[in-house]
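Asks: Numbering (our numbering), first residue to last: -2 to 497. Below is the structure I would like to discuss, written out as structure tokens.
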Amino acid sequence: ALVSRIMSDAEGVRNLVGTGLVELLGGLMTALVAFILLIKINATLTLATLVFLAVFGFLVSKAFGIMHPIFRERSVINAEVSGRLTESLGGVRVVKGFHAEEREAETFSAGAMRLFENVRKTLTATSLLGMSGTLLMGVVSITVMTVGGQMIVQGAMTMGEFIAYTLYLGLLVAPVFQIVGIGSQITEAFAGLDRMQEVLAETPEDVDPQRVHRLDEIQGHALFDEVNFYYEEGKPVLHDISLESVPGTVTALVGPSGSGKSTLIGLVAAFAKPTSGAVYVDGVDLSTVRLDSYRSKLGVVLQDNFLFDGTIRENILFGQPDASGEEVERAARIARVDEFALRMENGYGTIIGERGVKLSGGQRQRVAIARAILANPRILILDEATSSLDTESEALIQQGLAELMKGRTTFVIAHRLSTIRSADQILVMEEGRIVERGSHQELMARRGRYYELYTRQAGLEANRFINPGESEEEPESEKPTRPEGAPSPLQILTGRPGDA
-2 ALVSRIMSDA EGVRNLVGTG LVELLGGLMT ALVAFILLIK INATLTLATL
48 VFLAVFGFLV SKAFGIMHPI FRERSVINAE VSGRLTESLG GVRVVKGFHA
98 EEREAETFSA GAMRLFENVR KTLTATSLLG MSGTLLMGVV SITVMTVGGQ
148 MIVQGAMTMG EFIAYTLYLG LLVAPVFQIV GIGSQITEAF AGLDRMQEVL
198 AETPEDVDPQ RVHRLDEIQG HALFDEVNFY YEEGKPVLHD ISLESVPGTV
248 TALVGPSGSG KSTLIGLVAA FAKPTSGAVY VDGVDLSTVR LDSYRSKLGV
298 VLQDNFLFDG TIRENILFGQ PDASGEEVER AARIARVDEF ALRMENGYGT
348 IIGERGVKLS GGQRQRVAIA RAILANPRIL ILDEATSSLD TESEALIQQG
398 LAELMKGRTT FVIAHRLSTI RSADQILVME EGRIVERGSH QELMARRGRY
448 YELYTRQAGL EANRFINPGE SEEEPESEKP TRPEGAPSPL QILTGRPGDA
């Protein structure tokens, strides 16, 4: 819907300004001159003619008032149909995999039929308006011929004046038909302008008189001070969140879906402001910081990273467009992008397609990591960056993440708890609250909520290697399923020793 407002609605307004208004203004100026000349020839006959034109003007205004919401509805329908079509084409494998081609075709056909009915309404209204105009102009012509003929017979008007009058009358009524011709264009443009205005009325997030500070250089010391957050009044998402994360440390967030982990990370990234409390970076309240100065020091690696339709090099450069070729290649080597990019015919100049469709999941993640490495962030956010990958791809990506995390303040959202054993602090979240916090060893010793989550998950992972029908007792300790003494994935990732 947003793309439709930016493209289709804007195009309608452009057409109106570029052609419709120019034609309309030219016609109105011609009509004004013709009206003055008609008054000079015969004011009485001209005033009688204006009565019919006033009636037609009333009909036009009513018709356009009826068509305005219809055109607005058309913009909405068009956005829905276009959006659904884009989703169907983008998810064509899912559609085919579930044998849903016919159902999607029916959905599209239903939307197209709604669009057709909407167009039919506007065409009907425009046609009726045109017929009304033709009828009224016929009545005007008959009236002028009748009254003018009588005036000629009575000597009140000469034949020359009558001929001139009829010619000028044509110049007066021509814009009337012109209005009917471009009326739908005008109405559609104003309906689109209404929708565009809703977008333009939104205040840019960085246009805030409170945001006066710039963070040109930061260390990455993050502090949450009794933070509460609401998306909707009366529906709290985060309650009394207080935490501290210093440079060079890893803070892991765990908990069930909907516990508030992503919302908390969103506050770190300044995607939203706390409802109450404050988030500080290096002692400065984030709500007072210019976002461009802060986010340039921020790096994000997500579970499903978005890549743009372009080359591998262009996607790596996205976070640092002015970087040199050597810097791009260095970031690519650290993230192990070179291992597959250099095997391609065009190397880093290879086009990867929309959303990186020509790359595998692991390759896309490595490009995303290279992008974050090149940006050189001081605060790093990892949101399930490796959870959906195979073991080989995960091992390669962890090596890249290890380089990326060195010396930075890192926040990690993890569902695979074995990957965060070496985190400096683990925050267990439930229903928007931090219910436990500490290191892995401390939380396991407490045998609380984290202990339950970890041992249950360890049991599930162990059961993957058991034949169907067999069972395994729940672990009695925190022993992981890997061989004793082997480092955890995060120990590999950070290079830190940890308890086995």
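In this text, a Cβ means the ideal position worked out from N, Cα and C, and glycines have one as well.
Here's the rule: buried if 16 or more other CB atoms are within 10 angstroms of the residue's CB, otherwise exposed. What is residue 438?
Replies: Indexing the sequence shown from 1 puts residue 438 at position 441. Classification of residue 438: exposed, given that the 10 Å Cβ count is below 16.
Asks: Which of the three DSSP states is assigned to residue 145 in this structure?
Replies: Indexing the sequence shown from 1 puts residue 145 at position 148. Helix, per DSSP.
Asks: Please state whether DSSP places residue 444 in a helix, a strand or coil.
Replies: What you label residue 444 is simply residue 447 of the sequence shown in a count that begins at 1. Residue 444 falls in the coil class under three-state DSSP.
Asks: Since I believe residue 376 is in contact with residue 295 (beta carbons under 8 Å), could you give me their beta-carbon distance rounded to a whole number of angstroms?
Replies: Here residue 295 is taken as the residue at index 298 of the sequence shown, counted from 1. Here residue 376 is taken as the residue at index 379 of the sequence shown, counted from 1. That belief holds up - the Cβ atoms of residue 295 and residue 376 are roughly 5 Å apart, short of 8 Å.
Asks: Three-state secondary structure (DSSP) at residue 175?
Replies: Mapped onto the sequence shown, residue 175 falls at position 178. Note: residue 175 maps to helix in three-state DSSP.
Asks: Looking at C-beta atoms only, is the number of pairs between the region 356 to 363 and the region 238 to 254 that lie closer than 8 Å three or more?
Replies: The answer is no - the region 238 to 254 does not touch the region 356 to 363, with fewer than three Cβ pairs under 8 Å.
Asks: How is residue 191 classed by DSSP in three states: helix, strand or coil?
Replies: Numbered from its first residue, the sequence shown carries residue 191 at position 194. Residue state, collapsed to three classes: helix.
Asks: Tell me whether the beta-carbon of residue 120 lies closer than 8 Å to the beta-carbon of residue 105.
Replies: Position 123 of the sequence shown, counting from 1, holds the residue named residue 120. Position 108 of the sequence shown, counting from 1, holds the residue named residue 105. Result no, Cβ atoms of residue 120 and residue 105 do not sit closer than 8 Å.
Asks: Between the alpha carbons of residue 319 and residue 443, how many angstroms are there, rounded?
Replies: As a first step, residue 319 is located in the sequence shown; it is residue number 322 there, counting from the start. As a first step, residue 443 is located in the sequence shown; it is residue number 446 there, counting from the start. So the alpha carbons of these two residues sit roughly 50 Å apart.
Asks: What span of residues does the beta strand (DSSP E) with residue 236 cover, start to end?
Replies: Locating residue 236 in the sequence shown gives position 239, where the first residue counts as 1. Its beta strand (DSSP E) spans residues 232 to 242.
Asks: State the Cα-Cα distance for the pair residue 185 and residue 84, rounded to the nearest angstrom.
Replies: Taking the sequence shown and counting its residues from 1, the one referred to as residue 185 is at position 188. Taking the sequence shown and counting its residues from 1, the one referred to as residue 84 is at position 87. Straight-line Cα distance between these residues: approximately 26 Å.
Asks: Any idea if residue 87 is buried or exposed, counting beta-carbon neighbours within 10 angstroms, 16 or more meaning buried?
Replies: Within the sequence shown, the letter at position 90 stands for residue 87. Exposed, because fewer than 16 other Cβ atoms sit within 10 Å of the Cβ of residue 87.
Asks: With distances taken Cα to Cα, identify the nearest neighbour of residue 419 among 53, 450, 435, 430.
Replies: As a position in the sequence shown, residue 419 is number 422, starting the count at 1. Ranking 53, 450, 435, 430 by Cα distance to residue 419 puts 435 first.
Asks: Would residue 335 be called buried (16 or more neighbouring beta carbons within 10 Å of its own) or exposed?
Replies: If you number the sequence shown from 1, residue 335 lands on position 338. It counts as buried.
Asks: Got a sec? Which residues, its chain only, sit under 7 Å from residue 271 by beta carbon, not counting five neighbours each side?
Replies: The residue you call residue 271 lines up with position 274 of the sequence shown. Closer than 7 Å at the Cβ level, and outside the excluded window around residue 271, lie 224, 225, 226, 264.
Asks: In three-state DSSP terms, what is residue 152?
Replies: Numbered from 1 along the sequence shown, position 155 holds the residue referred to as residue 152. If DSSP states are grouped into helix, strand and coil, residue 152 belongs with coil.
Asks: Check each candidate in 274, 196, 440, 92 and name the one with the smallest Cα separation from residue 424.
Replies: Locating residue 424 in the sequence shown gives position 427, where the first residue counts as 1. For residue 424, the nearest C-alpha among the options comes from 440.
Asks: Nearest-angstrom Cα distance between residue 199 and residue 190?
Replies: Counted from its first residue, the sequence shown places residue 199 at position 202. Counted from its first residue, the sequence shown places residue 190 at position 193. Taking the straight line joining both Cα atoms gives about 14 Å.
Asks: Excluding the 5 residues preceding and the 5 following residue 92 in the sequence, name in chain order all residues of the same chain whose CB lies nearer than 8 Å to its CB.
Replies: Position 95 of the sequence shown, counting from 1, holds the residue named residue 92. Cβ within range, chain order: 85, 98, 101.
Asks: Considering only residues of the same chain and omitting the five flanking positions on each side of residue 20, which have a CB-CB separation below 7 Å?
Replies: Counting from 1 along the sequence shown, the entry for residue 20 is found at position 23. Result list for residue 20: 175, 179, in chain order.
Asks: How long is the line joining the alpha carbons of residue 456 and residue 446, rounded to whole angstroms?
Replies: The residue given as residue 456 occupies position 459 in the sequence shown. The residue given as residue 446 occupies position 449 in the sequence shown. Computed Cα separation, rounded: 16 Å.
Asks: Let's see if you can read the secondary structure: which residues bound the alpha helix (DSSP H) around residue 64?
Replies: For this step, residue 64 is matched to residue 67 along the sequence shown. Taken as a continuous stretch (DSSP letters only), the alpha helix (DSSP H) holding residue 64 covers 40 to 87.
Asks: Quick check: does the Cβ of residue 240 come within less than 7 Å of any heavy atom belonging to the ligand MN?
Replies: Within the structure as shown, the ligand MN is missing, as the structure has no ligands at all.
Asks: For residue 76, does the count of other Cβ atoms within 10 angstroms reach 16, so buried, or fall short, so exposed?
Replies: In the sequence shown, residue 76 corresponds to position 79, counting from 1. Residue 76 should be labelled buried.
Asks: Determine the DSSP secondary structure at residue 297, reduced to helix, strand or coil.
Replies: Sequence index remark: in the sequence shown, residue 297 carries index 300 (1-based). Note: residue 297 maps to strand in three-state DSSP.
Asks: Between residue 42 and chain D, is the shortest Cβ-Cβ distance under 8 Å, so that the two count as touching?
Replies: The question asks about chain D, but that chain is absent: this structure has only one protein chain.
Asks: Buried or exposed: which applies to residue 145, given that a residue is buried once 16 or more other Cβ atoms fall within 10 Å of its Cβ?
Replies: Indexing the sequence shown from 1 puts residue 145 at position 148. Under this definition residue 145 is a buried residue.
Asks: Can you give the Cα-Cα distance for residue 257 and residue 310, rounded to whole angstroms?
Replies: In the sequence shown, the residue the question calls residue 257 occupies position 260. In the sequence shown, the residue the question calls residue 310 occupies position 313. Cα to Cα, the separation comes out at about 35 Å.
Asks: Which whole-angstrom value is the C-beta distance of residue 233 and residue 429, which I expect to be below 8 Å?
Replies: The sequence position of residue 233 within the sequence shown is 236, counting from 1. The sequence position of residue 429 within the sequence shown is 432, counting from 1. That pair is a contact at about 6 Å.
Asks: Starting from the Cα of residue 217, find the closest Cα among 255, 251, 229, 266 and give me that residue.
Replies: Locating residue 217 in the sequence shown gives position 220, counting from the first residue. When only C-alpha atoms are compared, the closest one is 266.
Asks: In this structure, does DSSP put residue 427 in helix, strand or coil?
Replies: Position 430 of the sequence shown holds residue 427. Strand at residue 427.
Asks: Exposed or buried, which one is residue 39 when buried takes at least 16 other CB atoms within 10 Å?
Replies: Residue numbering aside, residue 39 sits at position 42 when the sequence shown is read from its first letter. Buried, since its Cβ has 16 or more Cβ neighbours within 10 Å.
Asks: How about residue 369 and residue 401: are their beta carbons less than 8 Å apart?
Replies: Along the sequence shown, read from residue 1 onward, the residue named residue 369 stands at position 372. Along the sequence shown, read from residue 1 onward, the residue named residue 401 stands at position 404. Closer than 8 Å, so yes.
Asks: To the nearest whole angstrom, what separates the beta carbons of residue 410 and residue 381, a pair I think is in contact under 8 Å?
Replies: Along the sequence shown, read from residue 1 onward, the residue named residue 410 stands at position 413. Along the sequence shown, read from residue 1 onward, the residue named residue 381 stands at position 384. 6 Å between Cβ atoms; contact.
Asks: Taking 8 Å as the threshold (C-beta atoms), are residue 247 and residue 416 in contact?
Replies: Against the sequence shown, residue 416 aligns to sequence position 419. Against the sequence shown, residue 247 aligns to sequence position 250. Result no, Cβ atoms of residue 416 and residue 247 do not sit closer than 8 Å.
Asks: I need the DSSP call for residue 95, collapsed to helix, strand or coil.
Replies: Along the sequence shown, one-based indexing puts residue 95 at 98. DSSP places residue 95 in coil when its eight states are reduced to three.
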